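There are 2 protein chains.
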Amino acid sequence: MTDALAPCARIGILGGGQLGRMLALSAARLGLDVVIFDPEPDCPASRVAVETITAAYDDLDAVAKFAASVDAVTYEFENVPAATAAAAAEHAPLRPGALALDVAQDRLTEKTFLNEHGARTVAFRAVDTLEGLQAAISELGLPAILKTRRFGYDGKGQAVIREMAEAEAAFAAMNGQPAILEAFADFTMELSIIAARGLDGEVAAYPLSKNRHSGGILRESFAPAEISEDLSNRAFAMAASVLKALDYVGVMGMELFALKDGTLLVNEIAPRVHNTGHWTQDACHVCQFEQHIRAVAGWPLGDTAPHSSAQMINLIGHDADGWESWLRSRKAVLHLYGKRETRAGRKMGHVNVLGPL
Amino acid sequence: MTDALAPCARIGILGGGQLGRMLALSAARLGLDVVIFDPEPDCPASRVAVETITAAYDDLDAVAKFAASVDAVTYEFENVPAATAAAAAEHAPLRPGALALDVAQDRLTEKTFLNEHGARTVAFRAVDTLEGLQAAISELGLPAILKTRRFGYDGKGQAVIREMAEAEAAFAAMNGQPAILEAFADFTMELSIIAARGLDGEVAAYPLSKNRHSGGILRESFAPAEISEDLSNRAFAMAASVLKALDYVGVMGMELFALKDGTLLVNEIAPRVHNTGHWTQDACHVCQFEQHIRAVAGWPLGDTAPHSSAQMINLIGHDADGWESWLRSRKAVLHLYGKRETRAGRKMGHVNVLGPL
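One line per chain: the protein sequences are L and P, in this order. Just so you know, our numbering puts 263 at position 148 of the first sequence, and the rest follows in order with no gaps. Just so you know, our numbering puts 269 at position 154 of the second sequence, and the rest follows in order with no gaps.
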């Protein structure tokens, strides 16, 4: 197997939050060492890593030193700066590669790329001026959503426009950042697919999950989602096509909207392990975190068949205060991220409530 | 809940081998930080711990400093010196306590204690002289096994005596160490039970596993063992009785012999997580490592019901070279311990091969 890492090899992870922490735990189970790079000392992943480099992402000397000390580099967040990714890639294989970051960081690039590769999205228009926004609204109709092209997550940097009169305020809220207007998706279900591609091009996906967001934050997922085989096959085909087009290595999260007429649209892709895949930790023998590590290590992908069904419930802010009653719940498995300060809206942990398939 | 640790609390583990490593991984999933104490730098558990103290176990100042820095102390091996345990217990709750160590460290004390608390063992005699050995052989019959009372593991420090003429060589092999002669158990099955006791006195046990040893080393376990409910109930009753008598907090492994006539004898107890409980990692929602951490943290015990059956196969020495083919096996889950050097007889990892219940 060419380019495969040996057991005891070192994997570098850019970002030391809960996703980096759970990646590190899966890597450790496989005998691999993890080095974390994060600007915050004492970040959640640093406490389960063999080494942590505390530096800013734009400290390219530190990034180079970090990458030179490991056998492969991956990341837990899609907003890794292009210069950081390039500096890392000079010293170790970057998996997934820079193209995935480039596509995922800009909603306009992303939606254009998706549509070019068999993954349909809502209609959209680039917006750089108020006049452009007004023209886009005339074309796409209302309601529509204006979003910054870059750096949006958990519903930040978004404005719903219901009447033309709201256009000006919505445009002003973008603070001069390049934006995109998206047609409103009148969906009946939010779904997602967690798919992986190995270094050898093999693609594997978990059954889809059905998700519920509120206030722009994922609240819970249920998997496997009760959907038709046809819908499931179409989601897999779209994910496989996008993974191949990106020459992707690792796990990708793809958020989907299912419309009343059966149409499946891609909302967005995340070039990383994804909150809607946390259910795999306790309902599958190989979870999304191990799957990602296997791919990054150049190892064969694992089995994605679940042995249980799962309801994943995010513990957000003071939800986590209920940890003890979750521990007493027989079919619940508790995950806490080791964050020392509870803040409103902060993801503190999650619970997987297991059931029969 | 009195004496319960808070999330983000620190647990100290004496010993940083694979058991300490797997304990640390389970603690991390629950948001707890782990501090490892081990004489070896770069030991397997150190690479997933927030901090490691590298010092000899008889460096009582280092032990005191370690224990003072954590909220509870536990251990991954039964041969923690009494002075080390005492030094730790002065600064933090030691779970399980010193009595469990005292009983488990000496085969004579152990078998005497077990028989006093409803857990039958083979017949045995203390042996301090050759004449004593010969007298013991006359009483117990042959074959019989002479063992050092202390520091035996994986079949070390043992001699099988088949004829009276072998007594002298067997006694000489003990090197003057206090010994015990044990009657031969003509067992039909090697079983074990992994049981836990919480700080509140609650007891929970996993279904028994059937084990196969060879050359004194565990090779594989199968669980749940196909045994009668009566046998299972008797094993549970013995484990519960011993846990209570020891005022135990944590997970205990109890190795059992099932005789042809249905008699159940205890071979030995280990006051720690146990190799024959590794199957729980992938076949149960709460594994023995999480169960131990829950108990040590003063948290409620978890559900011990399996969702799958499992065959656990130890990867010993160069068995681990087959890691890649295990990764390709759909129903196998691979665990590697991150040991940098493969040596004959060394436990390098294990595999859980899952099946339906």
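Each residue gets a CB set at the ideal place from its N, CA and C atoms; glycine is no exception. As the structure is a computational prediction, the values presented were derived from the model and not from experiment.
Could you check the C-alpha separation between R471(P) and G272(L) for me, to the nearest Å?
-> One detail in the question is off: residue 471(P) reads as Pro in this sequence, not Arg. Roughly 48 Å separates the two Cα atoms.
At a cut of 8 Å, does the region 397-412 of chain P reach the region 355-366 of chain P through at least three beta carbon pairs?
-> yes
Could you tell me the distance, in whole angstroms, from the CA atom of A280(L) to the CA atom of R222(L)?
-> 25 Å
Counting contacts by CB-CB distance shorter than 8 Å, is W414(L) in contact with chain P?
-> yes
Taking just the CA atoms, how far does E439(P) sit from M116(L)?
-> Confidence in M116(L) is poor, its pLDDT being 43 and thus under 50, which makes the residue's placement too unreliable to answer from.
So what does M279(L) bridge to, in DSSP terms?
-> Note: M279(L) sits in no beta bridge, so no partner.
Look at the alpha carbon of L120(L) and the alpha carbon of D186(L), and state the distance between them as a whole number of angstroms.
-> 7 Å
Kindly give me the distance between the Cβ atoms of F286(L) and L248(L), rounded to whole angstroms, as I take these residues to be in contact under 8 Å.
-> 5 Å
Under the three-state reduction of DSSP, which class applies to T167(L): helix, strand or coil?
-> strand
Between the C-alpha atoms of S444(L) and M427(P), what's the straight-line distance to the nearest angstrom?
-> 28 Å
Counting only beta-carbon atoms, is C158(P) nearer than 8 Å to chain L?
-> no
Could you check what DSSP says for M116(L) in three-state terms: helix, strand or coil?
-> Residue placement at M116(L) cannot be trusted, given a pLDDT of 43 that sits under 50; the coordinates are not used to answer.
Sort out for me which residues DSSP pairs Q249(P) with in a bridge.
-> Looking at the DSSP assignment, Q249(P) forms no beta bridge with any residue, so it has no partner.
Return no unless some Cβ of chain L is closer than 8 Å to the Cβ of L442(P).
-> yes
Neighbour list for R445(L) in chain P, Cβ cutoff strictly below 7 Å | D418
When you compare only the Cα positions, how much space is there between L346(P) and E456(L)?
-> 49 Å
Give the C-beta separation of D148(P) and V165(P) to the nearest angstrom, bearing in mind that I take them to be a contact with Cβ-Cβ under 8 Å.
-> 4 Å
Report yes or no: do the region 296-303 of chain P and the region 318-335 of chain P share at least 3 C-beta pairs separated by less than 8 Å?
-> no
Compare the C-beta of M116(P) against all C-beta atoms of chain L and say whether one is closer than 8 Å.
-> For M116(P), the predicted structure reports a pLDDT of 43, less than 50, and the residue's modelled location is therefore unreliable. A value from the coordinates is still provided. Yes - at least one Cβ of chain L is within 8 Å of the one on M116(P).
Which residues mark the beginning and the end of the alpha helix (DSSP H) in which A215(L) is found?
-> 213-219
For the putative contact between I239(P) and L296(P), defined by C-beta atoms under 8 Å, what is the C-beta separation to the nearest angstrom?
-> The sequence shown places Phe at residue 239(P), not Ile. Right, their Cβ atoms sit about 6 Å apart.
Local conformation of N194(L) per DSSP, three classes = coil
Any C-beta of chain L under 8 Å from that of S423(P) = yes
Taking the C-alpha atoms as reference points, what is the distance between F351(L) and G432(L)?
-> 34 Å
Does P122(L) come within less than 8 Å of chain P when only Cβ atoms are used?
-> yes
Is the region 382-394 of chain P close to the region 128-139 of chain P, with three or more CB pairs under 8 Å?
-> yes
Nearest-angstrom Cα separation, counted from I276(P) out to Q417(L) | Correcting the residue identity first, residue 417(L) is Gly in this sequence and not Gln. Their Cα atoms are separated by approximately 49 Å.
So who's on the other strand from S324(L), going by DSSP bridges?
-> S307(L)
Extent of the continuous beta strand (DSSP E) to which Q426(L) belongs = 424-431
Would you say the region 165-176 of chain P touches the region 458-466 of chain L, given that touching needs at least three Cβ pairs under 8 Å?
-> no
8 Å Cβ cutoff, Y452(L) in contact with chain P = yes
On the DSSP bridge assignment, give the partners of L374(P) in chain order.
-> F302(P)
Give the secondary structure of N348(L) by DSSP, where H, G and I count as helix, E and B as strand, and everything else as coil.
-> helix
Helix, strand or coil for I126(L) per DSSP?
-> strand
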